[in-house]
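Protein chains: 2
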Amino acid sequence: MDKNQIELQQPEQRLLRMFKERAGEYISGEEISRQLGISRTAVWKQINKLRETGYEFEAVSRKGYRLTGEPSRLAAADLMLAARTSVMGRNLKLLDVTGSTQDEARLLAEQGAPEGTLVIAEEQTKGKGRMGRSWYSPPGNGLWMSLLLRPNLPLGSAPQLTLLMAVAVCRAIRSVAGVDAGIKWPNDILISGRKTSGILLESTGEDERIRYCIAGIGIDVNMAAGELPEDLRAIMTSLRIESGQKINRSELAGTILNETEQLYGIYMTEGFGPIAALWEALSISLDKPVTVQTPAGEVKGTAVSLDSSGALIVRLADGQTTKIISGDVTVDPLN
Amino acid sequence: MDKNQIELQQPEQRLLRMFKERAGEYISGEEISRQLGISRTAVWKQINKLRETGYEFEAVSRKGYRLTGEPSRLAAADLMLAARTSVMGRNLKLLDVTGSTQDEARLLAEQGAPEGTLVIAEEQTKGKGRMGRSWYSPPGNGLWMSLLLRPNLPLGSAPQLTLLMAVAVCRAIRSVAGVDAGIKWPNDILISGRKTSGILLESTGEDERIRYCIAGIGIDVNMAAGELPEDLRAIMTSLRIESGQKINRSELAGTILNETEQLYGIYMTEGFGPIAALWEALSISLDKPVTVQTPAGEVKGTAVSLDSSGALIVRLADGQTTKIISGDVTVDPLN
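As structure tokens, then:
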């Protein structure tokens, strides 16, 4: 099995949980051995395995081990600890650098990877945005990931999944970073009017069915203001800038997986209604004057709701409503 | 440029048209030279070029050239002559053998190939059917091709394109082979209750939009009864078996391209209405008792119409109607 593609084994994960639950404490090798049901030698091996992925332990004789440092890099063990999921992210591929996590995930999908397969890279050299745009994905302070979904649904449902992913990411950001993030239709996450996350849902279908979808998620997590590209500072921000603190990327990724698994479960059993309601509650474009650039031209009006397919309903100046299936929304300043 | 990927040049095509319009006649090199506006040497070169692709010419001094044989293999020149299109098939890749024309076309699509790009193979070693099934694609007597479409439409429109392709293929088969072919929902082509063609529309989308679709078309054209796999003879047939004659595969492919270009043009300007009407006129499952295997279970009833999205409307025994988005239809025998 590829070193980076690990389904985490129980001892390693349970070991880490012990140390995290008793932060700052020494735990004796004997106690660990007893609690995990493994030999003292095995404990020592597990500790060294975690050390190799960036965790730091102090070992003091007659006291035991103490966790003194965590990896600044994304670590599989950390991420799996934050994700209390049974499907999403359970098949994990962590990469130092890749062209695009979307392409990597697609390759895995074509090879038959299971639903919930997650690709995360520290750095993307050809990060993909919507409509052929590129996505700036430098190493270290961002979260660049792609999640494979295999819903048994018609192709026309893909727009609903796009909105579902926006809800999952927005809720995770709000909960982990404690910031007032909102959604701009269909799936940009904004804080104080500036974008902090973009989502790209790529779908592959056969006749009328979805074969698989890959949700690409890019979040500017810990960039300082100076790290954002100069020409984008007016329209982009990071969770660190907005929250005033460094955010644990593993916790954020894990929380996104938790939210996705919950919302996806609701969606598959209850349909789009509850997702639409959650989306509308987080929307920053509803009840606002908007300008929408659509393939058919510019539309100006007031965004009023989502329809059952996930399209945006806009009320025009003459009181009529129109349905926007696709487009770029700008919320107009109030005069 | 790849030898197989040719945008046909005018002289070669016009030369072939001359010989076909005056079948059996000798045409002097001088006349050809005059009509095509090229030198006698160039005429000789064009004739040799066609000879290389399988055309046979008799050359008699003082009489000129006479077309005496055509390639039994698919030839680009022949196909382009049959296709009076401006987009569909104009970028053509003819292959002797490939794994699957779908995969080949997808590769070209990802490299930016234009709408209408067509891949045809004499033989597929891993021909793809619907739902992961394989498609038997031996060399010589079938038509195995994939057509790239790049409509600027929402993903939910893909089912309509599936039906459009079925109409195009069915109309072409009826016109070229003179047989009473019909469509079983959504896109199988049947003659006398046996399948002669399958269509597979693979779509790739981004958020709510189609990025591209690849229509895979497989037709059992000139197989004799003995050439069909034994276990499939009860449910499969070929155009040759049904029409009692060998069918010109280039003419069939060209006619499919013509039909597709016309119907696609109508669809993009007028919407799905006219396509649905054409589909319904060719349907063999409407107003018949049907059993449909759907992802949600079996549905029995009478197929009554298409809805605006391309779904099949089935009237149940209790008089209520249900909408089938996806499934395998069997027309039940009347008792």
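Protein chains in written order, with the UniProt record's numbering: chain L, 1 to 335; chain Y, 1 to 335. Glycine included, each C-beta is placed from N, C-alpha and C at the ideal position.
- Interface with chain L (8 Å Cβ-Cβ cutoff): residue 285/Y is excluded.
- Taking 9 Å as the Cβ-Cβ cut-off, the region 183-204 of chain Y approaches chain L at 186, 187, 199, 200, 201, 202, 203, 204, given in chain order.
- Residue 220/Y does not reach chain L, its nearest Cβ partner there being about 20 Å away, counting only Cβ pairs nearer than 8 Å.
- At a C-beta separation below 8 Å, residue 309/L has these neighbours in chain Y: 156.
- Residues of the region 317-334 of chain L with a C-beta less than 8 Å from any C-beta of chain Y: 325, 326, listed in chain order.
- Secondary structure at residue 167/Y: helix, using DSSP grouped into helix, strand and coil.
- Per DSSP, reduced to three states, the secondary structure at residue 275/L is helical.
- Around the C-beta of residue 196/L, 16 or more other C-beta atoms lie within 10 Å, and the residue is accordingly described as buried.
- Around the beta-carbon of residue 187/Y, 16 or more other beta-carbon atoms lie within 10 Å, marking it buried.
- Residue 218/Y has its alpha-carbon roughly 36 Å from the corresponding atom of residue 271/L.
- For residue 96/Y, same chain residues with a beta-carbon under 6 Å away, outside a window of 5 residues either side, are 122 in chain order.
- When the Cα atoms are used, residue 208/Y and residue 125/Y turn out to be separated by approximately 34 Å.
- Against chain L, a Cβ distance below 7 Å from residue 295/Y picks out 152.
- By the Cβ rule, the region 285-299 of chain Y counts as touching the region 323-334 of chain Y, because three or more pairs are nearer than 8 Å.
- Separation of residue 265/Y and residue 194/Y (C-alpha to C-alpha, rounded to the nearest whole angstrom) is 30 Å.
- In this structure, residue 179/Y keeps its C-beta atom at 8 Å or more from the C-beta atom of residue 263/Y.
- In the structure shown, the three-state DSSP call for residue 201/Y is strand.
- Neighbours of residue 269/L across chain Y, judged by C-beta separation under 7 Å, do not exist; the nearest C-beta is about 13 Å away.
- With fewer than 16 other CB atoms across the displayed protein chains lying within 10 angstroms of its CB, residue 111/Y is exposed.
- For the options 321/Y, 319/Y, 31/Y, 249/Y, the alpha carbon positioned closest to that of residue 173/Y is the one of 249/Y.
- Our two residues, residue 302/L and residue 156/Y, have alpha carbons roughly 25 Å apart in a direct line.
- Secondary structure note for residue 80/L: its alpha helix (DSSP H) is the uninterrupted segment 76-82.
- Cβ proximity to chain Y below 8 Å picks out 130 from the region 100-130 of chain L.
- At a cut-off of 8 Å between beta carbons, residue 260/Y makes no contact with chain L.
- Secondary structure note for residue 212/L: its beta strand (DSSP E) is the uninterrupted segment 209-220.
- For residue 60/L, the enclosing beta strand (DSSP E) covers residues 56-60.
- By the rule that beta-carbons nearer than 8 Å mark a contact, residue 159/Y touches chain L.
- Counting the other Cβ atoms within 10 Å of the Cβ of residue 277/Y gives fewer than 16, which makes it exposed.
- The DSSP assignment places 289-294, 297-306 as complete runs of the beta strand (DSSP E) inside the region 257-307 of chain L, in order along the chain (cut-off: 3 residues).
- At least one CB of chain Y lies nearer than 8 Å to the CB of residue 207/L.
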